[in-house]
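> Below you'll find the structure I mean.
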Amino acid sequence: MTTSATSRPGTIFARATPPGRGAVAIIRLSGPDTDAALGALTPGCALPEPRLASLRRIADPVSGRVIDEALVLRFTAPASYTGEDAAELQLHGGPAVVAAVIEVLGRLPGLRPAEAGEFTRRAVLSGRMDLTAAEAVADLIAADTAGQAAQALAQLGGRLGRQVEGWRVRLIRAAAMIEAEIDFPDEEVPDGIALTVAPELEAIATEFRACLADGRSGERLREGVVVAVVGRPNAGKSSLVNALAGREIAIVTDRPGTTRDAIEVALDLDGVALTLIDTAGLRDTDDPIEQEGVRRARARAAEADLRLVVIDPETTDPAQAMAEAGVLPGDPIVFTRRDRLAGDAADRLRAVVARDHPMVLVSCVTGAGMGDLAATLAGLAAGLTGGGEGAMITRARHRAALDQAAMALDAAAAGLTHPLPMLELVAEDLRRACDALGRITGRIDVEHLLDAIFREFCIGK
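Structure follows, in structure tokens:
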């Protein structure tokens, strides 16, 4: 989306439902010529009352040909999604009907097709929502799991926006007290008023640190927990991925080195999105293609949130296999070929696996242990995402801006405790902290962010 959308506002229209054939198709309009467009589409009929669904014949204003009978919803500014005059046409969902209405709208003066995310962009620019809520709209549309949807709804309801605005108001109040001492040193401003600000700044800084120390749980829930499946060739990694996915994703053969490139599959485990990555078997090889696969496997394992280490206990020393995989505390260890192991295998294997590693024995042939593995992964994923409870930061830009605000606030606090405080510098640090918070919600300096944010949206939202 280009900035031309803000320089030529006009009245926009777009289909808001997915393309194709369906029972209902919705076309949205927003802008100053919305009522005129409705009048042209429904000749001889009064405009519907705001927020009241009304049945109307939709016709071509030039030929008079009736295109459809549809429900028309009309919204008047500022009580609409965009804050402008707006409308929805709920048409029958046949492609010919939709195409005909779109063609007529394109001929009406003052109307143009909407760009991606332009309806929500207008909602932000009119003050109907802040940037965090706008991002939540995109996240809710894209949500694949219940956890992602719940987090998006919380953001849409203002969980992050309200908190950030509360911090900003408190910092503005603190900055005002500093400015008062600077501007009116001889007036009726209590001596040392700036020093009374220090406890408030420390309290806000503590809240910043708590928010930033969330282990990226919100981002992980939104993007999905990445689990790299690693181990030696023929350990059963691809069979395990296929079993967890419930379908044939990866090629399974007895020949070592079959998997050369990483294969990804998305899963929904108890409302948390997981991306399983089946990687090349870890071993020394002279094959340059397989060498590249092993290099990529190690790189993906290092980047992943979890490493699922798959070991064939019949052929591999567990301790050596774990060392080769570069496991970290908390990474789960999976022993395959459970159907071939003796009854005391679990006790023997647990003796060589540290207690900080969840351990599961599975058989991809019989399915034994697969439920335990799914439950283990779901529990680990819930721990990494906080179960979707309370996480406020859901995007990298939120974290970067809050980091900047925290650094500016630390500088202000240090300036206040200096033996010779320079209040002008303290005030400037507080302004920088406020500006960083304002960029999260869209209060200031966000025009350059809008294109990137609304590029994620579909047309019609």
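Residue numbers (the numbering used here): 12 to 472. Even for Gly, the Cβ is constructed at its ideal location relative to N, Cα and C. Everything numeric in this text was worked out from a predicted model, so none of it was measured.
#1: Beta carbon of Ala392, beta carbon of Val236: below 7 Å?
#2: Are the beta-carbon atoms of Leu388 and Leu280 separated by less than 7 Å?
#3: Relative to the alpha-carbon of Met140, which residue among Gly397, Gly94, Gly42 has its alpha-carbon at the smallest distance?
#4: Sort out for me which residues DSSP pairs Asp289 with in a bridge.
#5: In its own chain, which residues sit with a C-beta less than 6 Å from the C-beta of Pro59, not counting the 5 before and 5 after it?
#6: Would you decide whether Leu331 is buried or exposed? Buried here means 16 or more other CB atoms lie within 10 Å of its CB.
#7: Could you tell me how far apart the beta carbons of Met474 and Val175 are, in whole angstroms, since I believe they sit closer than 8 Å?
#8: Alpha carbon to alpha carbon, how far is Val263 from Leu102?
#9: On the criterion of 16 or more Cβ atoms from any shown chain inside 10 Å, does His409 qualify as buried, or is it exposed?
#10: So Leu142 and Ala48 are supposed to be a Cβ contact under 8 Å. How far apart are they, rounded?
#11: In the structure shown, what three-state DSSP assignment does Ala284 receive?
#12: Within the continuous beta strand (DSSP E) that includes Ala98, where are the two ends?
#13: Hey, which unbroken runs of the beta strand (DSSP E) at 3 residues or more fall wholly within the segment 88–156?
#14: Which of the three DSSP states, helix, strand or coil, is assigned to Asp355?
#15: Please report the distance separating the alpha-carbon of Ala365 from that of Gly390.
#16: Helix, strand or coil: which one does DSSP assign to Val200?
#17: Whole angstroms is fine: what's the gap from Val35's alpha carbon to Leu100's?
#18: Going by the CB atoms, is the gap between Leu436 and Ala416 shorter than 7 Å?
#19: Go ahead and pull the three-state DSSP assignment for Thr45.
#20: Assign Met370 to one of three DSSP states: helix, strand, or coil.
#21: Residues in its own chain within less than 6 Å of Phe346 by CB, not counting five upstream and five downstream?
#22: Is it buried or exposed for Glu146, if we count other Cβ within 10 angstroms and need 16 for buried?
On the basis of the data shown:
#1: The residue you call residue 392 lines up with position 381 of the sequence shown. The residue you call residue 236 lines up with position 225 of the sequence shown. In this structure, Val236 lies closer than 7 Å to Ala392 by Cβ.
#2: Locating residue 388 in the sequence shown gives position 377, where the first residue counts as 1. Locating residue 280 in the sequence shown gives position 269, where the first residue counts as 1. Cβ atoms of Leu388 and Leu280: closer than 7 Å.
#3: Start at 1 with the first residue of the sequence shown, and residue 140 comes out as number 129. When each option's Cα is compared against that of Met140, the closest is Gly94.
#4: Numbered from its first residue, the sequence shown carries residue 289 at position 278. Note: Asp289 sits in a beta bridge opposite Val240, Ile274.
#5: Here the question's residue 59 lines up with position 48 in the sequence shown. Closer than 6 Å at the Cβ level, and outside the excluded window around Pro59, lie Ser65, Val83, Arg85.
#6: Sequence index remark: in the sequence shown, residue 331 carries index 320 (1-based). A quick correction: the sequence has Gln, not Leu, at residue 331. Gln331 comes out exposed.
#7: As displayed, the chain neither begins before 12 nor continues past 472, which places residue 474 out of reach and without an answer.
#8: Counting from one through the sequence shown, the residue named residue 263 turns up at place 252. Counting from one through the sequence shown, the residue named residue 102 turns up at place 91. At Val263, the pLDDT of 49 sits below 50, so the modelled position is not reliable and the matter cannot be decided from this model.
#9: As a working note, residue 409 is residue 398 in the sequence shown. It is buried - the Cβ of His409 has at least 16 other Cβ atoms within 10 Å.
#10: In the sequence shown, counting from the first residue as 1, residue 142 sits at position 131. In the sequence shown, counting from the first residue as 1, residue 48 sits at position 37. About 29 Å separates the two Cβ atoms, so there is no contact after all.
#11: Your numbering for residue 284 matches position 273 in the sequence shown. If DSSP states are grouped into helix, strand and coil, Ala284 belongs with the strands.
#12: In the sequence shown, counting from the first residue as 1, residue 98 sits at position 87. Note, Ala98: beta strand (DSSP E), 97–104.
#13: 97–104, 122–124
#14: The count along the sequence shown starts at 1 and reaches residue 355 at position 344. Correct three-state label for Asp355: coil.
#15: In the sequence shown, the residue the question calls residue 365 occupies position 354. In the sequence shown, the residue the question calls residue 390 occupies position 379. Approximately 18 Å, taken between the alpha carbons.
#16: Sequence index remark: in the sequence shown, residue 200 carries index 189 (1-based). Confidence in Val200 is poor, its pLDDT being 48 and thus under 50, which makes the residue's placement unreliable; the coordinate value appears in the next sentence. Residue state, collapsed to three classes: coil.
#17: Locating residue 35 in the sequence shown gives position 24, counting from the first residue. Locating residue 100 in the sequence shown gives position 89, counting from the first residue. Spanning the two alpha carbons is a distance of roughly 10 Å.
#18: Here the question's residue 416 lines up with position 405 in the sequence shown. Here the question's residue 436 lines up with position 425 in the sequence shown. Not closer than 7 Å, so no.
#19: The residue labelled residue 45 in the question sits at position 34 within the sequence shown. Thr45 falls in the helix class under three-state DSSP.
#20: What you label residue 370 is simply residue 359 of the sequence shown in a count that begins at 1. Of the three classes helix, strand and coil, the one that applies to Met370 here is strand, per DSSP.
#21: To locate residue 346, count along the sequence shown from 1; it is residue 335. Counting only Cβ-Cβ distances below 6 Å, and skipping sequence neighbours, we find Ile322, Pro324, Leu360, Leu372.
#22: As a working note, residue 146 is residue 135 in the sequence shown. Buried.
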